[in-house]
Structure formats: C-alpha cells, structure tokens
Amino acid sequence: MQIIENQYLRASINSLGAELVSLFNKENSVEYMWEANPTFWGKSSPVLFPIVGALKNNQYIYQGHTYTLPRHGFAREKVFKVETKKEDSIVFLLTEDEGTLKIFPFTFEFRLIYTLIGKTLSVSYSVTNTGNDEMYFSVGGHPAFAVPLSDDTVYEDYYLAFNQTEDFPRWELANGGLIKKEASTFLENTNRLPLTKELFYQDALVFKHLESTEVILKTDKAPTQLKFTFEGFPFLGIWAAINADFVCIEPWCGIADSEIHKQELPEKEGIEKLSSKGNFLRTWTVEVF
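Numbering-wise, the working numbering puts 307 at position 270 of the sequence shown, and it's gapless, one number per residue.
Okay, here's the thing in structure tokens:
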C-alpha cells in the first residue's frame, strides 16, 4: 500500500490496479471512500482501461482479428510499478506485457498520477502510444464514495448537485451491459439528483455529453460533502451496488458497446485514437469539506 499526504488529507493507493482505497480528511476525521465490503462490492476505485464498460459478446474486431476483453478491461487487475513518489504525490506506471498483447495488440505506457493540493485530490490518466501505428483505447474512473458521510445522516438525505441546470436523458443498459439504442427520459431542467437505494436497482445511470463539469455530493443536514470535477470526460456513470452505502461517480472517455455495434474497434462510440508516440491526458478531482 502506498500513502501520500499533506496537511489536510491522507490518501492510500493499492499498487494492484493503482486503486485509490482511502481518502481521509485529517481535520474532521472523515473517510470519504467506500470500504470495499465484498458482501456488496469489493472495490473502491478501479481504473477502466483499455475499455470502459462491456463489449458485445466481450469481443472486438481490429484489422480482421477478433480479440476478447472482459468488462472494463484488464488494468484494474494488474500490478502497477511506482515510477516516482513524493510526500504528496505518486505516479504509477503500467506497460504492455505478453499477456496484454494477446488481447490488446498495442504497446503503451499508462500512468496514474495522484496529487494532493490542499483539500483536493487530483487523479490523472496519462496514456502514451509507444508503438508505430495508431492506438485505440478507452479510459475511465470508477471511484466509490461513502454515503452517508456522517453518523447523523442516512443515504436518502444525500443528493448530487450538478453545476449546470439541464436535461439528463438516461442511456439504459441492456442484457450484458450494452447501451440501448435510444435514451429514456430521466431528469429534465434540473441540476439535482436525489439519492435512493432503489435508484440503482436497474444498474447504472449513464449520461452522455452533459454540460455540467462538476457535481457536489451533499446533504442539507450536515456540512460534510465533496465536490467532484470531470471536465474533458464526455460520458458519466452514476452507480451503486444494490443496497450498498456508497455512490460511484464515474468519469469516462469511452462507453460500453451499443446493442447495434458491429464490434469494429475504430468504429466504437467514444473510442480514443492516439497517434504513434502521442500522449493523452485527462484529470478528475475530488475536493472534500
């Protein structure tokens, strides 16, 4: 386990998956991350790479060859190397190996960069294409935040407050986790999403191309809250395991296959294309109160 800290925060990150497992506020002694109770869901913040969500039949086609990848890819099950570390920041590195090349035929350097700045944790995904051809990939986050955040509140006291008032059409997931062909009406002309356990009984809420770039997890009954920013991520998932005390706020550059996708990787919705020796960088942040 790797630990970084500053005057206000302490973050713990597991080298397996470079997964954030704890974000502790030293001032109010609040833990903001889900405890990863395996009875509900044994993860806390897995990274999604080199795909986000499910592939149709767990397969994709690239240059005439068919490859198989599990939901959300393989990075979350890989041990990352610690490339550099300071008291308040750390860089994890994952590169291709013999096993990944059999299911993802690209060479790469994938870095997760964690940095504490005041009461904010910054999490960056850096992808470098080290090969000679174009690289196709997706990447995303899956952080699970504890709800409730204080003993005098309950799950239903909380809501997500977005920084833009807008419509939130929902792209529902079909069998196998595929995106349905059409969106359904969900929320209209609002910036507020009340949290209930029942909200996630039919899997994740998936949104595309929101105007909002930040969201606050808050309650009107207690001061403890957090602000999550996700500028540069065109897709957003909101999810919790059934009846579990957390909510995932998931920024994605990429999305699950649609029901009608032909499985060709370059034609996949939301796929990122990176030129030879090119670099891709996206960052989400969480500020705690």
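From the three backbone atoms N, C-alpha and C, an ideal C-beta is built for every residue, glycine too. Computed from a predicted structure; not experimentally measured.
Same chain, Cβ closer than 7 Å to residue i, neighbours up to 5 away in sequence not counted
i, result
"T105", "N95, Q96, I140"
"H128", "The question names His, yet the displayed sequence has Val at residue 128. For V128, where only same-chain residues beyond five positions count, the Cβ hits under 7 Å are E120, T121, R148, I150."
"G315", "N166"
"N43", "D125, L153"
Endpoints, alpha helix (DSSP H) assigned at residue i
i, result
"I140", "135 to 140"
Sub-8 Å separation of residue i and residue j beta-carbons
i, j, result
"M172", "L273", "no"
"I216", "E124", "no"
"L92", "D282", "no"
"V184", "V323", "no"
Close beta carbons around residue i, own chain, < 8 Å, minus the five adjacent residues each side
i, result
"F223", "F205, P206, R207, L242"
"K258", "D189, T190, D194"
Endpoints, beta strand (DSSP E) assigned at residue i
i, result
"W321", "316 to 325"
"N74", "Premise fails: N74 is in no beta strand (DSSP E) and is neither H nor E."
"E203", "195 to 207"
"K264", "263 to 266"
"M172", "172 to 174"
"L153", "145 to 154"
Status (buried if at least 16 other CB within 10 Å, exposed otherwise) for residue i
i, result
"K255", "buried"
"G101", "exposed"
"T266", "buried"
"S313", "exposed"
"D134", "exposed"
"L318", "exposed"
"V176", "buried"
"L46", "buried"
"I352", "In this structure the chain extends from 38 to 326, so residue 352 is not present and cannot be described."
Cβ-based neighbour list, residue i, same chain, cut-off 6 Å, excluding 5 preceding and 5 following
i, result
"Q39", "I50, I127"
"P180", "S82"
Worksheet item: Counting Cβ pairs, one atom from each stretch, are 3 or more of them under 8 Å apart for the segment 192 to 202 and the segment 217 to 233?
Response: yes
Check whether the segment 300 to 318 and the segment 153 to 160 are in contact - that is, three or more C-beta pairs closer than 8 Å.
no
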